[in-house]
Amino acid sequence: MTHVVVVGAGLGGLRAAESLRKNDFDVTVIGDEIHLPYNRPPLSKEALKGGVEVEGLHFRRKHDDIDWRLGAAASACSLSERWVRAGDEQVSFDGLVIASGIRPRHLPVPGPHPQVLRTADDALALREQLTGGASIVIVGAGFIGCEVAATARQLGSEVIVTAFDDQPMVRALGEQLGAAMQAHHEAHGVVFRLGVGVSEFQIDGVTTSDGQRLTADVVLEAVGSVPNVEWLEGNGLDLSDGVLTDNGMRVLGTDVPVVAVGDVARFPNPVFDEVPRRVEHWNMPTETGKKAGQTLAALLRGEEPSGVFAPMPAFWSDQYDFGLQSYGMPGLGSAQLVDGQWSGDCIVEYRTEAGRLVGVVGVNRTRELMPYRSMIASV
Amino acid sequence: MKIFVDMDKCQHYGQCTFEAPTVFKLNADDKLEYVGEVDDALLEQVESAVDVCPMQAIEIQ
């Protein structure tokens, strides 16, 4: 039977594997973690508060005949000879799915590496460190940093957030909504030190680039991510920021049937423009996984993959009593408040200089935000 | 087919309503409402709804 290897046992790998299994291909999934695919968003919230274990986060499995090889990351690959190495094993394939995802970025500064939050094991370690009201310094004010800040405050911890950006979540939300979110965090007792870098890590804190020493029991580093592509080197692919693919998720630069999905895939989305981008939102692994499965199935059958792929990025973030939701790519436009107040429940549209709607963010406005999904898709 | 949504997990994001609009909807208070038993012809729609739920709160029984 035609054999597909999926490298990566996260959500994107799972969805691609399901799609290919449904099309009667033999599927092996290689994953670096020992866990079967599980849902990551609760790691910065429910799982950190306690009461939710990894078993409770596993995705429903639709097929019991997928071959899972867990606990060793892919370390090398030859596309021309069609094999992947993971641990001591070398696995051959007819078609390959790249779903190796991302890992937390580390700042290149001296001192011990702080805790990060990407995996279930990271969440368990952080939860243990935060017990008993331990204080925390969070380096990075993106979504993970801010969600952990909110959760830690709810657990009774003193929280300091420091970041190079001038507002939290500014790259996704823009300055005004970022500033409003900062005020909301401050009202809940979070202390911010923004617009500064970090010059050194210590076991019990950090030194900022302007010489302040911020101390706490726990240090968390949440400064973005790095795509896991090293195992693909030497195959002539464009690995400059993830893996470059066409609009149907087929990897460019090789004649071998290879697709990429999820956080690691850099693909053009005609909803916006022709620029290939990686999108780290939760819904993208499912969207790209299903599409990539169809594309690879066609390639393996000697057919031409077809159909324009125009997925709508979406994200959610719960911080205290604020539920943020978004459709589109707000980062491609400028913010304009269209309803409510910056400081509370609101709807913010994001438009390009030419006035084109490219994204929307709502705070506690779930139902009213829904029509935007088709409005953004149709412009 | 029977459908169950774990309302302790559900955060009312409403993504299921795009996939299976006759089964799931948000009410005037932005809270999820759903039909507990539906025709098997809707299986594909409901499976998509299960897949896109960020909280993985939907079960098909």
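Protein sequences appear in the order of chains A and B. Residue numbering for the first sequence follows the working numbering, starting at 79 and increasing by one per position. Residue numbering for the second sequence follows the working numbering, starting at 2 and increasing by one per position. Note that CB positions come from ideal geometry on N, CA and C, so glycine has one too.
Measure the beta-carbon distance from residue i to residue j and round it to whole angstroms, keeping in mind my assumption that it falls under 8 Å.
i: R344(A); j: P354(A); result: 5 Å
i: L447(A); j: Q403(A); result: 5 Å
i: Y398(A); j: A228(A); result: 5 Å
i: V349(A); j: M390(A); result: 6 Å
i: V301(A); j: V269(A); result: Wrong, their Cβ atoms sit about 18 Å apart, outside the cutoff.
i: L415(A); j: G173(A); result: The Cβ separation is near 48 Å, so there is no contact.
Pick out whichever of the options has its Cα sitting closest to the Cα of residue i.
i: V226(A); options: D333(A), G210(A), V194(A), L310(A); result: V194(A)
i: R379(A); options: L98(A), H266(A), L89(A), A198(A); result: L98(A)
i: L251(A); options: G267(A), R181(A), A413(A), A376(A); result: A413(A)
i: R181(A); options: V269(A), D200(A), S158(A), E253(A); result: D200(A)
i: C54(B); options: Q372(A), V296(A), M362(A), G385(A); result: M362(A)
i: R163(A); options: D172(A), L202(A), S153(A); result: S153(A)
i: T106(A); options: D333(A), V132(A), M79(A), P120(A); result: M79(A)
i: N442(A); options: M453(A), G422(A), R451(A), P120(A); result: G422(A)
i: R139(A); options: L89(A), S395(A), V296(A); result: L89(A)
i: D341(A); options: V321(A), T332(A), G331(A); result: V321(A)
i: G149(A); options: I176(A), D417(A), L114(A), T293(A); result: L114(A)
Around the C-beta of residue i, are 16 or more other C-beta atoms found within 10 angstroms, so that it is buried, or is it exposed?
i: V85(A); result: buried
i: P383(A); result: buried
i: E427(A); result: buried
i: E206(A); result: exposed
i: K369(A); result: buried
i: S452(A); result: exposed
i: Q57(B); result: buried
I need the straight-line Cα distance from residue i to residue j, nearest angstrom please.
i: H13(B); j: G273(A); result: 35 Å
i: I144(A); j: N101(A); result: 13 Å
i: G134(A); j: M407(A); result: 31 Å
i: H136(A); j: G312(A); result: 34 Å
i: E48(B); j: E20(B); result: 9 Å
i: L377(A); j: H359(A); result: 27 Å
i: D110(A); j: E431(A); result: 43 Å
i: E458(A); j: G326(A); result: There is no way to answer for residue 458(A), as the model of chain A reaches only from 79 to 457.
i: T285(A); j: I59(B); result: 45 Å
i: M2(B); j: G234(A); result: 44 Å
i: V239(A); j: H266(A); result: 13 Å
i: D7(B); j: G15(B); result: 14 Å
i: R183(A); j: V304(A); result: 5 Å
i: E167(A); j: V83(A); result: 13 Å
Tell me residue i's beta-bridge partners as DSSP assigns them.
i: G88(A); result: Paired residues: none, contrary to the question.
i: I214(A); result: V237(A), V296(A)
i: Q168(A); result: R163(A)
i: L413(A); result: Residue identity check: residue 413(A) is Ala in the sequence provided, not Leu. Paired residue(s): Y428(A).
i: I281(A); result: Answer by DSSP bridge pairing: none, since I281(A) is not bridged.
i: R147(A); result: I108(A)
Any beta carbon from chain C within less than 9 Å of residue i's own beta carbon?
i: M56(B); result: The chain labelled as chain C is not found among the protein chains of the depicted structure, namely A and B.
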